[in-house]
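Working notes, structure below.
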Amino acid sequence: MRFPKKRESNSLPLSDPQNNGVVPLQYHNSTTSLKKSQSIDSELRDKWTPKRILCERLVSVYRFLGLDKRAERVDNCGTSLEFVKVAAAAGGSPLGNESSSSSNDIFKLHSANFCRDRLCPMCSWRRSYKIFGQVSKIMNLIQNDYEFLFLTLTVPNVSGEELPDKLDSLQTGWRNFTRNKRFKFSVCGYFKALEITYNKKMDTFHPHYHVVIAVNKSYFKGFKYIQRNDWLYMWQCAMNDFSITQVDIRKARNKKTERIGADCSAYLASCVAEIAKYAVKSSDYLFDDIGLSRYVVSVLFRALSDRRLISFGGCFKKAFQALNLDDSENGDLIHLDGELRSDVALQIYRYGWSCGAYKLIEISHKADILADFDE
Ligand SMILES: [Zn+2]
Numbered sequence: 026m027r028f029p030k031k032r033e034s035n036s037l038p039l040s041d042p043q044n045n046g047v048v049p050l051q052y053h054n055s056t057t058s059l060k061k062s063q064s065i066d067s068e069l070r071d072k073w074t075p076k077r078i079l080c081e082r083l084v085s086v087y088r089f090l091g092l093d094k095r096a097e098r099v100d101n102c103g104t105s106l107e108f109v110k111v112a113a114a115a116g117g118s119p120l121g122n123e124s125s126s127s128s129n130d131i132f133k134l135h136s137a138n139f140c141r142d143r144l145c146p147m148c149s150w151r152r153s154y155k156i157f158g159q160v161s162k163i164m165n166l167i168q169n170d171y172e173f174l175f176l177t178l179t180v181p182n183v184s185g186e187e188l189p190d191k192l193d194s195l196q197t198g199w200r201n202f203t204r205n206k207r208f209k210f211s212v213c214g215y216f217k218a219l220e221i222t223y224n225k226k227m228d229t230f231h232p233h234y235h236v237v238i239a240v241n242k243s244y245f246k247g248f249k250y251i252q253r254n255d256w257l258y259m260w261q262c263a264m265n266d267f268s269i270t271q272v273d274i275r276k277a278r279n280k281k282t283e284r285i286g287a288d289c290s291a292y293l294a295s296c297v298a299e300i301a302k303y304a305v306k307s308s309d310y311l312f313d314d315i316g317l318s319r320y321v322v323s324v325l326f327r328a329l330s331d332r333r334l335i336s337f338g339g340c341f342k343k344a345f346q347a348l349n350l351d352d353s354e355n356g357d358l359i360h361l362d363g364e365l366r367s368d369v370a371l372q373i374y375r376y377g378w379s380c381g382a383y384k385l386i387e388i389s390h391k392a393d394i395l396a397d398f399d400e
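The working numbering puts the sequence shown at residues 26 to 400.
Below you can see the structure in the form of structure tokens.
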């Protein structure tokens, strides 16, 4: 498993030392030294703009592949954004709804025209935040009853042509895996996500599952404990493929991470963030080489079509329902941490995409907003 050694520039959240949960929900590095307008502007420039530029690259690839309707949808994705300025004390966690600004205010995304395309860099980024938030909330809810393991299940790399069949067999393999007696005996719940990476040098695809597993607190001392070699054997049997030589299994909290205290939360958050990355990273299919981009996008487009990429089981599924979370893949990509209370909204900042940058179009004040509702 490629657990993160260093933080990527567009990586998901890390720690919030004030948060007592096993995985910190709050991720945003506060830009308290900046004025409000500077803060939101830098947020748009540094985080949103690169995604919009990648969208344009995907549009040209879709057009070449004759997927004109998709191209049109992605072309419009995230071109209009509205942020609501709210008082930080009332607003709570700004999960996925950057950004915080001066001493008291944060900006929450209020409205956007997302295209929801599977390969859209903008929508994948939003989905990753959403999935990260949901998995973190679940882990925080059930942490008193369970310990967590991070498991990565791999298969040998395949060509683009073989990828759809390999994804089918992975799905069957996972089903067999969860029906294994030892799995059923030891595992209380899981979150599973498919990730596919592309090896440019070898021209091969590497599909694999990232899984967070919940086990009882007594797991490590009792007979429910499963050794790494047994996990590997169970996966080989499930896939009916004994050429598989790797599984990665690690405890979410161990002596090392507990010794470093607050950093333990950061470590956990970075592991969950790695897992929550949505299926494929745009850096794995949008290259400077347009020919290669066209080839890899066409392979992934075909392979991922009509395929569910993440799933929750057991206690994770129950917690998902108890928290009343919406569909991780197809649900709301705007309000990632719940609805905004209308009584805390102060102003709406509307931005539009034009000539390669986001530009402020309008600021509506609360009185104007209420007047619109009255009409
Ligand atoms: Zn999109």
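Note that beta-carbon positions come from the ideal geometry of N, C-alpha and C, so glycine has one too.
{"Item": "Assigned secondary structure, ALA294 (DSSP; H/G/I helix, E/B strand, else coil)", "Value": "helix"}
{"Item": "Distance between PHE157 and LYS206 (C-alpha atoms, nearest Å)", "Value": "30 Å"}
{"Item": "Where LEU385 falls: helix, strand or coil (DSSP)", "Value": "strand"}
{"Item": "Reduced DSSP category for ASN205 - H, G, I as helix; E, B as strand; rest coil", "Value": "coil"}
{"Item": "Buried/exposed call for GLN7, threshold 16 Cβ in 10 Å", "Value": "Outside the displayed range of the chain (26 to 400) lies residue 7, so it cannot be described from this structure."}
{"Item": "Which listed residue (ILE131, CYS145, ILE167 and GLY103) has its alpha carbon closest to that of ALA137", "Value": "GLY103"}
{"Item": "Terminal residues of the alpha helix (DSSP H) in which GLU81 lies", "Value": "74-89"}
{"Item": "Sheet register partners of TRP378 (DSSP bridge)", "Value": "TYR383"}
{"Item": "Close-in-space but distant-in-sequence residues of the same chain around PHE337 (CB under 6 Å, 5 per side omitted)", "Value": "PHE216 and PHE345"}
{"Item": "Per-residue burial, ASN122 [other beta carbons within 10 Å of its own, 16 or more giving buried]", "Value": "At ASN122, the pLDDT of 46 sits below 50, so the modelled position is not reliable; the number obtained from the coordinates is stated separately. By the 10 Å Cβ count, ASN122 comes out buried."}
{"Item": "Beta carbon nearer than 7 Å to a non-hydrogen atom of ligand 1", "Value": "CYS80, VAL99, CYS102, GLY103, PHE139, CYS140, ARG141, ASP142, CYS145, MET147 and CYS148"}
{"Item": "DSSP three-state assignment for ASP273, whether helix, strand or coil", "Value": "strand"}
{"Item": "First and last residue of the uninterrupted beta strand (DSSP E) at ILE238", "Value": "229-241"}
{"Item": "C-beta atoms of ILE359 and PHE132 nearer than 9 Å", "Value": "no"}
{"Item": "Of the listed residues SER243, TYR244, LYS242 and HIS233, nearest to ASP273 (C-alpha basis)", "Value": "HIS233"}
{"Item": "Own chain partners of SER318 with C-beta closer than 6 Å, once the 5 adjacent residues on each side are dropped", "Value": "VAL86, LEU311 and PHE312"}
{"Item": "DSSP-derived helix/strand/coil call for LEU311", "Value": "coil"}
{"Item": "Where LYS246 sits in the DSSP three-state scheme", "Value": "coil"}
{"Item": "Minimum C-alpha distance to TRP73 - residue among GLY91, LYS384, SER389 and PHE245", "Value": "LYS384"}
{"Item": "Stretch-stretch touch, CB-based, cutoff 8 Å, three pairs: the region 262-272 with the region 219-231", "Value": "no"}
{"Item": "Nearest neighbour of ILE386, chosen from ARG375, CYS380 and ARG82 [CA to CA]", "Value": "ARG375"}
{"Item": "Rounded distance between the beta-carbons of ALA239 and CYS213, thought under 8 Å", "Value": "5 Å"}
{"Item": "Buried or exposed by the 16-neighbour rule on C-beta atoms within 10 Å, applied to CYS380", "Value": "exposed"}
{"Item": "Residues near SER323 in its chain [Cβ-Cβ closer than 7 Å; skip 5 each side]", "Value": "LEU90"}
{"Item": "Run of the alpha helix (DSSP H) containing SER153, from where it starts to where it stops", "Value": "146-167"}
{"Item": "Enclosing beta strand (DSSP E) for LYS224 [first to last residue]", "Value": "What sits at residue 224 in the sequence shown is Asn, not Lys. From DSSP, the beta strand (DSSP E) with ASN224 extends over 214-224."}
{"Item": "9 Å Cβ cutoff met for ALA277 and LEU192", "Value": "no"}
{"Item": "Cβ shell of SER389 (< 6 Å), same chain only, five flanking positions each side left out", "Value": "ILE373"}
{"Item": "Option nearest ASN201 by Cα separation, candidates LEU334, ARG95 and MET259", "Value": "MET259"}
{"Item": "Per-residue burial, CYS348 [other beta carbons within 10 Å of its own, 16 or more giving buried]", "Value": "Note that residue 348 corresponds to Leu in the displayed sequence, not to Cys. Under this definition LEU348 is an exposed residue."}
{"Item": "Where VAL111 falls: helix, strand or coil (DSSP)", "Value": "strand"}
{"Item": "Nearest residue (CA-CA) to VAL84, options VAL99, ASP71 and ILE167", "Value": "VAL99"}
{"Item": "Extent of the continuous beta strand (DSSP E) to which LEU257 belongs", "Value": "Segment 253-264 is the alpha helix (DSSP H) holding LEU257; no beta strand (DSSP E) there."}
{"Item": "Strand pairing of ALA137, partner residues [DSSP]", "Value": "LEU106"}
{"Item": "Spatial neighbours of LEU176 in its chain, beta-carbon cut-off 6 Å, leaving aside the 5 residues before and after", "Value": "VAL236, ILE238 and ILE274"}
{"Item": "Spatial neighbours of THR56 in its chain, beta-carbon cut-off 6 Å, leaving aside the 5 residues before and after", "Value": "The predicted model places THR56 with a pLDDT of 29, which falls under 50 and marks its position as unreliable; any figure quoted below should be read in that light. Closer than 6 Å at Cβ, skipping near neighbours: SER64."}
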